[in-house]
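Visitor: The structure's right below; bear with me while I get my questions together.
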Amino acid sequence: MICSRLASASLTNVWIERATIHTPWLLPTDASAHGLALDHHLLLNLWIALALLALAHLILLIGLLARRNSAPTYLWRIEYLPLAALAILFATLTLKAERLWAASRYTGASPTALQVEVTGVQFAWYFRYPGPDATFGVTHPNLVAPGEGNPLGLDPTDPHSTDDVVSSQLLLPANREVDLRLNAQDVIHGFSIPEMRLKQNAVPGQTIHLHFTPTTPGTYAILCTQLCGLGHYRMNATLRILPPDQFAAWLATKQKAAQ
Ligand SMILES: [Cu+2]
71 MICSRLASAS
81 LTNVWIERAT
91 IHTPWLLPTD
101 ASAHGLALDH
111 HLLLNLWIAL
121 ALLALAHLIL
131 LIGLLARRNS
141 APTYLWRIEY
151 LPLAALAILF
161 ATLTLKAERL
171 WAASRYTGAS
181 PTALQVEVTG
191 VQFAWYFRYP
201 GPDATFGVTH
211 PNLVAPGEGN
221 PLGLDPTDPH
231 STDDVVSSQL
241 LLPANREVDL
251 RLNAQDVIHG
261 FSIPEMRLKQ
271 NAVPGQTIHL
281 HFTPTTPGTY
291 AILCTQLCGL
301 GHYRMNATLR
311 ILPPDQFAAW
321 LATKQKAAQ
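Below, the structure written as structure tokens:
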């Protein structure tokens, strides 16, 4: 087990050109497989809100100019018809959003997804890979000792923990599904990677799964979006998406060092 605050030396020479995908409305670059559908839905909502705003002002203007003194007789056409149309519109948008949410939250990751544990602690993120045995070792709160290189409290007597790799950087291979298990040691932290369109609270005592597929190699910021204490402002980490062969080489190096 090893905790490295810096990228390994073998990776410092690797320069990965960050893909420049220009998205309208100043959204951050989308570097995930599921992000495009979310962006489309968000933009659709914004366009509809803009159209409704314009329509409401138009109706208001017509009402002002018409200067009617008596109530119109065709009430159903100007009240009930738009109301029914709005109800259908909002129901359709809700169902569409529900499908996107279900795909990312209710449907589990594929069994072949890369397993990574994410732990939020005042004021850092730690990432753990299970190693060749594909099983995370046991941790104990009383063994937590960041100063001694054991920030997660890995139990050295558990054979599954001997090959676990702990890193303060999240490195992932491009185009492979990742199953993150989110934990927190102390208070609620907000795990967020805007370019991966991910945002989820890390809650003490709970393990929350998040799955996604990064597509674009590059370096991205991992943020904490919950005000978690005085050092919240400096609680961030780096996500590096690598081509699969480079990721495998990095993990092999770390595992050798951990054993
Ligand atoms: Cu935090």
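In terms of the working numbering, the sequence shown is residues 71 to 329.
By construction, the Cβ of each residue, glycine as well, lies at the ideal position given by its N, Cα and C atoms.
#1: Using 10 angstroms around the beta-carbon of Asp315, count the other beta-carbons present and answer buried if the total reaches 16, otherwise exposed.
#2: When the Cα atoms are used, what is the spatial distance from Thr384 to Asn253?
#3: What is the DSSP secondary structure of Asp315, reduced to helix, strand or coil?
#4: Around the Cβ of Trp320, are there at least 16 other Cβ atoms within 10 angstroms (buried) or fewer (exposed)?
#5: So, with DSSP's three-state summary, where would you put Phe261?
#6: Quick check on the DSSP output: the beta strand (DSSP E) that includes Trp195 runs from which residue to which?
#7: When DSSP builds the beta bridges, which residues end up paired with Thr209?
#8: Would you list the residues whose beta-carbon is nearer than 5 Å to any heavy atom of ligand 1, in the order they occur in the chain?
#9: Among Leu120, Ala327 and Ala244, which has the Cα closest to the Cα of Leu184?
#10: Tell me which same chain residues have a C-beta within less than 6 Å of the C-beta of Ser180, skipping the five on either side of it?
#11: Hey, how far is the Cα of Gln270 from the Cα of Phe261?
#12: By the three-class DSSP mapping on this structure, what secondary structure does Gly42 have?
#13: Rounded to the nearest angstrom, what separates Ala77 and Pro152 at their Cα positions?
#14: Compute the Euclidean distance between the alpha carbons of Asp203 and Leu123, then round it to the nearest angstrom.
#15: Nearest by alpha-carbon distance to Val235: which of Leu134, Gln325, Ile148 and Thr182 is it?
#16: Who pairs with Tyr303 in a beta bridge, going by DSSP?
#17: Would you list the residues sitting across from Glu187 in a DSSP beta bridge?
#18: Between Leu222 and Tyr199, is the Cβ-Cβ spacing less than 8 Å?
#19: In terms of residue numbering, what span does the alpha helix (DSSP H) encompassing Ala154 cover?
#20: According to DSSP, simplified to helix, strand and coil, what is Gln296?
#21: Can you tell me whether Asn220 is buried or exposed? The criterion is at least 16 other CB atoms within 10 Å of its CB, across all chains shown.
#22: In the structure shown, what three-state DSSP assignment does Gly133 receive?
#23: How many angstroms separate the CA atom of Ala194 from the CA atom of Met305?
#24: Using DSSP bridges, identify the partner residues of Arg310.
#25: In chain order, what residues of the same chain have a beta carbon less than 6 Å from the beta carbon of Arg310, not counting five sequence neighbours either side?
Guide: Short version:
#1: In the sequence shown, residue 315 corresponds to position 245, counting from 1. Label assigned to Asp315: exposed.
#2: Beyond the ends of the chain as shown, which are 71 and 329, falls residue 384; an answer cannot be given.
#3: For the purposes of this step, residue 315 is taken as the residue at position 245 of the sequence shown. It is helical.
#4: Here the question's residue 320 lines up with position 250 in the sequence shown. That one is buried.
#5: Within the sequence shown, residue 261 is the residue found at index 191, counting from 1. It is a strand residue.
#6: Translated into positions along the sequence shown, residue 195 becomes position 125. Counting along the chain, the beta strand (DSSP E) containing Trp195 begins and ends at Ala194 to Tyr199.
#7: Here residue 209 refers to the residue found at position 139 of the sequence shown. Leu224, per the DSSP bridge assignment.
#8: His259, Cys294, Cys298 and Met305
#9: As a working note, residue 184 is residue 114 in the sequence shown. Answer by Cα proximity: Ala244.
#10: The count along the sequence shown starts at 1 and reaches residue 180 at position 110. Same-chain partners within the cutoff: Glu247.
#11: The residue labelled residue 270 in the question sits at position 200 within the sequence shown. The residue labelled residue 261 in the question sits at position 191 within the sequence shown. If I take the Cα positions, the gap works out to 5 Å.
#12: Given that the chain is displayed from residue 71 to residue 329, the structure contains no residue 42 and the question cannot be resolved.
#13: For the purposes of this step, residue 77 is identified with residue 7 of the sequence shown, where counting begins at 1. For the purposes of this step, residue 152 is identified with residue 82 of the sequence shown, where counting begins at 1. With a pLDDT of 37 at Ala77, under the threshold of 50, the modelled position of this residue cannot be trusted; read the value that follows with caution. If I take the Cα positions, the gap works out to 58 Å.
#14: As a working mapping, residue 203 is identified with position 133 in the sequence shown. As a working mapping, residue 123 is identified with position 53 in the sequence shown. Each residue's alpha carbon lies about 57 Å from the other.
#15: Position 165 of the sequence shown, counted from the first residue, corresponds to residue 235. The residue with the shortest Cα to Cα distance from Val235 is Gln325.
#16: By 1-based counting over the sequence shown, the position of residue 303 is 233. For Tyr303, which the question treats as bridged, DSSP gives no partner whatsoever.
#17: If you number the sequence shown from 1, residue 187 lands on position 117. Looking at the DSSP assignment, Glu187 forms a beta bridge with Arg198 and Arg251.
#18: Locating residue 222 in the sequence shown gives position 152, counting from the first residue. Locating residue 199 in the sequence shown gives position 129, counting from the first residue. No.
#19: Sequence index remark: in the sequence shown, residue 154 carries index 84 (1-based). First-last of the alpha helix (DSSP H) with Ala154: Leu151 to Trp171.
#20: Indexing the sequence shown from 1 puts residue 296 at position 226. Reduced to three states, the DSSP call for Gln296 is coil.
#21: As a working note, residue 220 is residue 150 in the sequence shown. With 16 or more other Cβ atoms within 10 Å, it is buried.
#22: Counted from its first residue, the sequence shown places residue 133 at position 63. The answer is helix: DSSP assigns Gly133 an H, G or I state.
#23: Counted from its first residue, the sequence shown places residue 194 at position 124. Counted from its first residue, the sequence shown places residue 305 at position 235. Each residue's Cα considered, the two are about 5 Å apart.
#24: Locating residue 310 in the sequence shown gives position 240, where the first residue counts as 1. Arg310 is bridged to Leu241 and Thr289.
#25: Within the sequence shown, numbered from 1, the residue matching residue 310 stands at position 240. Counting only Cβ-Cβ distances below 6 Å, and skipping sequence neighbours, we find Leu241 and Thr289.
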